[in-house]
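Engineer:
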Amino acid sequence: MTLPVFGRLPLSALLGLLIVTATAALFLFGPMLAPFGQEEVLGTPFADPSAGHLLGLDQNGRDMLSRLLYGARMSVGVSLAAVVISFCIGVPLGFLAALNGGWPDLIGARLIDVIMSIPVLISALVVLQALGSSLPVLIGTIALLDSTRVFRLSRVVAQGIVVMEYAEVARLRGEGLWWMLRREILPNALPPLMAEFGMRFCFTFLFVAGLSYLGLGVQPPFADWGGMVRDNQQGILYGLYAPLFPAGAIALVTIGVNLVVDWALAGRTTVQGENR
Amino acid sequence: MGKLIVQRLGLGVVTLALVSVLVFAGTELLPGDVAAAILGQNATPESLAALREQLGLNAGPVARYLGWAAGIVQGDLGVSLANRQPVGELLWPRFWNTMALAGYAAVIAVPLAVGLGIASAAFRGSLFDRVATVVALATVSLPEYFLGLLLILFVSVQYGLLPSLADTWSGMGLAAWLEATTLPMLVLVLVTVAQIMRMTRTTVLAVMDQPYIETAYLKGMRNGRVVLRHAAPNALAPIVNVVAFNLTYLIAGVVLVESIFNYNGLGRFMVDAVSKRDLPMVQAAAMVFAAVYVVLNLVADVAAIALNPRLRHPRAKEV
């Protein structure tokens, strides 16, 4: 028997929610569940999976499962922090730009067009070159680069809301800026922004893992999934599955979030489509 | 139409100039002293001052930017900090390697993806369409290194069909080159096909909802003919945009793929330069990447304008 709420969910969304919930649990409790420490050397490098080490040992003889569990917090945490910060910067500025207009809006939009005309990876590499890779720099860089995309979306969404009758009524009523942002724009902009949050998280998660894979993201001794793929990559040449565990974990989380976002977006668009 | 194209070209040049300002500001004005980075922790104040003088770091930022930008316009990309060689000599061979790999992938990916996209739009809701959508969703989510490692494991290690490292050298034969680069090409194709296919499908479907398509159906035309004769020509301009947009993605994706297969391209060149914190190399590589990006977008814009039937045969001027 399933709960009535779950009865209406398509299979893909259910699968997505399951993966997202599991990821959240790993993020919160992963390091506590790990049977061994992330730095503990327990045996020969690339030892095969056994009863004591379900996923075997990594290139330095550390327990793969434990490092995956520790890495979950790092990989998910860094991306989550970056996305939350980028929304805290991008959304208020985007709303303000849409509400106030004028030259700050124009200059901001143009500047962001230019920043977006460089691939994000290249911009991130330029900044990491200048500052070196540390956790605060990594999170800050990604958050700032991402906030340009968030700004653009929230500006467009808010522009659509500002011209609606109810927003005009509120303005004529003499409501102040704070009321307009809080009571008129935010509630109506929330659904597209939530979907964007999911998509941004997916993108950032892959991006952080990619940077770590290149050796420019999360630095040792911390375990993180992208870095683990890089460290264990040699194993693949001997036909070992070691690097596939962290790479698969990255893929699984991305697919899960994507499925949930897809379901959330599909629900909205069919309703709009039917009203046409 | 001509005027529109000239406008776009001008916009592209302005964007590139602004991008150069950003790249320069990003590398030079951020805290972090280049001279200190080169000399490391053992630097004495005297040696730091001498190196700053030698690198011209004592001039104002505007003067340094102008000097750097003037060099780039004349084709001088500066001198590497690590080994004192001209950056251009190191960079251009790598650039052409990257372009060759990206081109190889694009030649396979674009026709395949556009064809699949049009087909799944034509047979909307069929089993083929649904399977294609699910497969596309899955491959979009898979990171390049996951696909790359899977391919290495099965194709190279277990069956020994293709080499696991994309070793290339100048003067190697075409057949050998193709053999070495087929696996990286496959990864790039897998990550781009899905995206282009989905967006092509959406674009064609948007056209299929137009009244003139309904008219064509009501005339009694068959499905395939409606799609190819009526829908496809009008969807061409947006599809070109979609393809160009995703080719720019290919340019960024190439950075990861080159690292997986140890391919000697511009992406790995830039990653190496970043980890060595070799400023002129990073600046030059970033400018080249950005230029490719801007040029691709420009080509897409111009092609979209040229392919748009409404702009090609302008009616009386509308205001």
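Chains C and S supply the protein sequences, listed in that same order.
Numbering-wise, the working numbering puts 892 at position 127 of the first sequence, and it's gapless, one number per residue.
Numbering-wise, the working numbering puts 52 at position 30 of the second sequence, and it's gapless, one number per residue.
Cβ atoms here follow ideal geometry from the backbone N, Cα and C, with glycine treated the same way.
Since this is a predicted model, take the numbers as computed values, not measurements.
1. Can you check whether the C-beta of S:R299 is within less than 7 Å of a C-beta belonging to chain C?
2. Could you tell me if S:R106 is buried or exposed, where buried requires 16 or more neighbouring beta carbons within 10 angstroms of its beta carbon?
3. Would a C-beta distance cut-off of 7 Å place S:F117 and S:L288 closer than the cut-off?
4. With DSSP collapsed to three states, give me the class of C:L807.
5. Can you look up C:P957 in the DSSP assignment and give me helix, strand or coil?
6. Do you know how far the Cα of S:V265 is from the Cα of S:V276?
7. Taking just the CA atoms, how far does C:P986 sit from C:V806?
8. What residues in its chain sit with their C-beta under 7 Å from that of S:T225, if we drop five residues either side in the sequence?
9. Along the chain, where does the alpha helix (DSSP H) that runs through C:R723 open and close?
10. Please state if the CB of S:G139 and the CB of S:T222 are separated by a distance shorter than 7 Å.
11. In whole angstroms, what separates the C-alpha of S:T120 from that of S:V177?
12. Do we get a CB-CB distance below 7 Å when we pair S:A308 with the residues of chain C?
13. Would you list, in chain order, the members of the stretch 876-891 of chain C that have their beta-carbon closer than 9 Å to a beta-carbon of chain S?
14. Which residues, taken in chain order from the stretch 982-1000 of chain C, show a beta carbon closer than 9 Å to some beta carbon of chain S?
15. In its own chain, which residues sit with a C-beta less than 6 Å from the C-beta of C:T786, not counting the 5 before and 5 after it?
16. Could you give the distance in angstroms between the alpha-carbon of C:G821 and the alpha-carbon of S:L123?
17. I'd like to know if C:P810 contacts chain S, where contact means its C-beta is closer than 7 Å to some C-beta of that chain.
18. Is C:A889 closer than 7 Å to C:T906 when the C-beta atoms are compared?
19. Between C:V928 and C:V921, what straight-line distance do the alpha-carbon atoms span, to the nearest angstrom?
20. Roughly how many angstroms separate the alpha carbons of C:A932 and S:Y234, rounded to a whole number?
21. Confirm, please, whether the CB-CB distance from C:V843 to C:V1022 is below 7 Å.
22. For the stretch 842-861 of chain C and the stretch 268-284 of chain S, state whether three or more C-beta atom pairs, one from each stretch, are separated by less than 8 Å.
23. List the residues of chain C whose Cβ lies closer than 7 Å to the Cβ of S:M292, in chain order.
24. Rank C:V915, C:G941, C:W868 by C-alpha distance to the C-alpha of C:L1043 and give the top, closest one.
25. Quick one: Cα of C:A923 to Cα of C:S912, how far?
26. State the Cα-Cα distance for the pair C:T767 and C:L955, rounded to the nearest angstrom.
27. Hey, C:L834 and C:V1025 are a contact pair by Cβ (cut 8 Å); roughly how many whole angstroms apart?
28. At the 7 Å Cβ level, is C:A895 part of the contact set with chain S, yes or no?
29. Quick check on S:V101: does DSSP put it in helix, strand or coil?
30. DSSP three-state call for C:V1036: helix, strand or coil?
31. Do you know how far the Cα of C:F792 is from the Cα of S:V314?
32. Mapping the DSSP letters down to three states, classify C:P1008 as helix, strand or coil.
33. Give me the chain C residues within the contact set of S:F150, using Cβ-Cβ distance strictly less than 9 Å, ordered along the chain.
34. On a Cα-Cα basis, can you pick out the residue from S:P108, S:L73, S:A325, S:V248 that is closest to S:G97?
35. Between the stretch 211-221 of chain S and the stretch 158-167 of chain S, can you find at least three pairs of beta-carbon atoms closer than 8 Å?
36. Please work out which residues of its chain come closer than 6 Å, Cβ to Cβ, to C:I950, disregarding the five sequence neighbours upstream and downstream, and give them in chain order.
Structural biologist: A quick look at the data gives this:
1. Translated into the one-based positions of the second sequence, residue 299 of chain S becomes position 277. By this cut-off, S:R299 is an interface position.
2. Here residue 106 of chain S refers to the residue found at position 84 when the second sequence is read from its first residue. By the neighbour-count rule (16 or more Cβ atoms within 10 Å), S:R106 is not buried but exposed.
3. Within the second sequence, residue 117 of chain S is the residue found at index 95, counting from 1. Within the second sequence, residue 288 of chain S is the residue found at index 266, counting from 1. Yes, these two residues count as a Cβ contact at 7 Å.
4. Numbered from its first residue, the first sequence carries residue 807 of chain C at position 42. Three-state DSSP puts C:L807 in coil, outside helix and strand.
5. Position 192 of the first sequence, counting from 1, holds the residue named residue 957 of chain C. C:P957 carries a helical assignment under DSSP once its states are collapsed to helix, strand and coil.
6. By one-based count along the second sequence, residue 276 of chain S stands at place 254. By one-based count along the second sequence, residue 265 of chain S stands at place 243. Distance between the alpha carbons of S:V276 and S:V265 is about 16 Å.
7. To locate residue 806 of chain C, count along the first sequence from 1; it is residue 41. To locate residue 986 of chain C, count along the first sequence from 1; it is residue 221. Distance between the alpha carbons of C:V806 and C:P986 is about 13 Å.
8. Taking the first residue of the second sequence as position 1, residue 225 of chain S is located at position 203. Closer than 7 Å at Cβ, skipping near neighbours: A257, P260, I261, V264.
9. In the structure as shown, chain C begins at 766 and stops at 1041. Residue 723 of chain C is therefore absent and cannot be evaluated.
10. Residue mapping note: residue 222 of chain S aligns to position 200 of the second sequence, counting from 1. Residue mapping note: residue 139 of chain S aligns to position 117 of the second sequence, counting from 1. Yes, the Cβ-Cβ distance between S:T222 and S:G139 is below 7 Å.
11. For the purposes of this step, residue 120 of chain S is identified with residue 98 of the second sequence, where counting begins at 1. For the purposes of this step, residue 177 of chain S is identified with residue 155 of the second sequence, where counting begins at 1. Approximately 23 Å, taken between the alpha carbons.
12. Taking the first residue of the second sequence as 1, we reach residue 308 of chain S at position 286. Closer than 7 Å: yes.
13. L876, D878, V879, I880, S882, I883, P884, V885, L886, I887, S888, L890, V891
14. G991, V994, R995, Q998
15. Residue numbering aside, residue 786 of chain C sits at position 21 when the first sequence is read from its first letter. Correct list: empty, nothing qualifies.
16. As a first step, residue 821 of chain C is located in the first sequence; it is residue number 56 there, counting from the start. As a first step, residue 123 of chain S is located in the second sequence; it is residue number 101 there, counting from the start. Answer to the nearest angstrom: the Cα atoms are 36 Å apart.
17. Along the first sequence, one-based indexing puts residue 810 of chain C at 45. Chain S contact via Cβ: absent.
18. In the first sequence, the residue the question calls residue 906 of chain C occupies position 141. In the first sequence, the residue the question calls residue 889 of chain C occupies position 124. Between C:T906 and C:A889, the gap from beta carbon to beta carbon is short of 7 Å.
19. One-based indexing of the first sequence puts residue 928 of chain C at position 163. One-based indexing of the first sequence puts residue 921 of chain C at position 156. So the alpha carbons of these two residues sit roughly 12 Å apart.
20. Taking the first sequence and counting its residues from 1, the one referred to as residue 932 of chain C is at position 167. Taking the second sequence and counting its residues from 1, the one referred to as residue 234 of chain S is at position 212. Looking at the two C-alpha atoms, the distance is approximately 37 Å.
21. The residue labelled residue 1022 of chain C in the question sits at position 257 within the first sequence. The residue labelled residue 843 of chain C in the question sits at position 78 within the first sequence. Cβ atoms of C:V1022 and C:V843: not closer than 7 Å.
22. no
23. For the purposes of this step, residue 292 of chain S is taken as the residue at position 270 of the second sequence. Simply L890.
24. Residue 1043 of chain C cannot be examined here, being either before or after the span of chain C that is shown, 766 to 1041.
25. Within the first sequence, residue 923 of chain C is the residue found at index 158, counting from 1. Within the first sequence, residue 912 of chain C is the residue found at index 147, counting from 1. C-alpha separation (whole angstroms): 16 Å.
26. To locate residue 767 of chain C, count along the first sequence from 1; it is residue 2. To locate residue 955 of chain C, count along the first sequence from 1; it is residue 190. Bear in mind that a pLDDT of 43 at C:T767, under 50, signals an unreliable position, so the number given afterwards is only what the model happens to contain. If you take the alpha carbons of C:T767 and C:L955, they lie about 29 Å apart.
27. On the first sequence, residue 834 of chain C is found 69 positions in, with the first residue counted as 1. On the first sequence, residue 1025 of chain C is found 260 positions in, with the first residue counted as 1. Incorrect: roughly 23 Å between the Cβ atoms, too far for contact.
28. Along the first sequence, read from residue 1 onward, the residue named residue 895 of chain C stands at position 130. Interface residue, yes.
29. Position 79 of the second sequence, counting from 1, holds the residue named residue 101 of chain S. S:V101: strand per DSSP, three-state reduction.
30. Here residue 1036 of chain C refers to the residue found at position 271 of the first sequence. Any reading at C:V1036 needs caution, since the residue's pLDDT is 36, under 50, leaving its predicted position unreliable; the model's value is listed next. Helix, per DSSP.
31. On the second sequence, position 292 is the one that residue 314 of chain S refers to. On the first sequence, position 27 is the one that residue 792 of chain C refers to. Taking the straight line joining both Cα atoms gives about 39 Å.
32. What you label residue 1008 of chain C is simply residue 243 of the first sequence in a count that begins at 1. Correct three-state label for C:P1008: coil.
33. Against the second sequence, residue 150 of chain S aligns to sequence position 128. In chain order: nothing, as chain C lies at least about 18 Å away.
34. Position 75 of the second sequence, counted from the first residue, corresponds to residue 97 of chain S. Closest by alpha carbon: S:P108.
35. Two segments are said to touch when three or more pairs of C-beta atoms, one from each, lie closer than 8 Å; by this definition the stretch 158-167 of chain S touches the stretch 211-221 of chain S.
36. As a working mapping, residue 950 of chain C is identified with position 185 in the first sequence. So the qualifying residues of the chain are F860, A923, I926.
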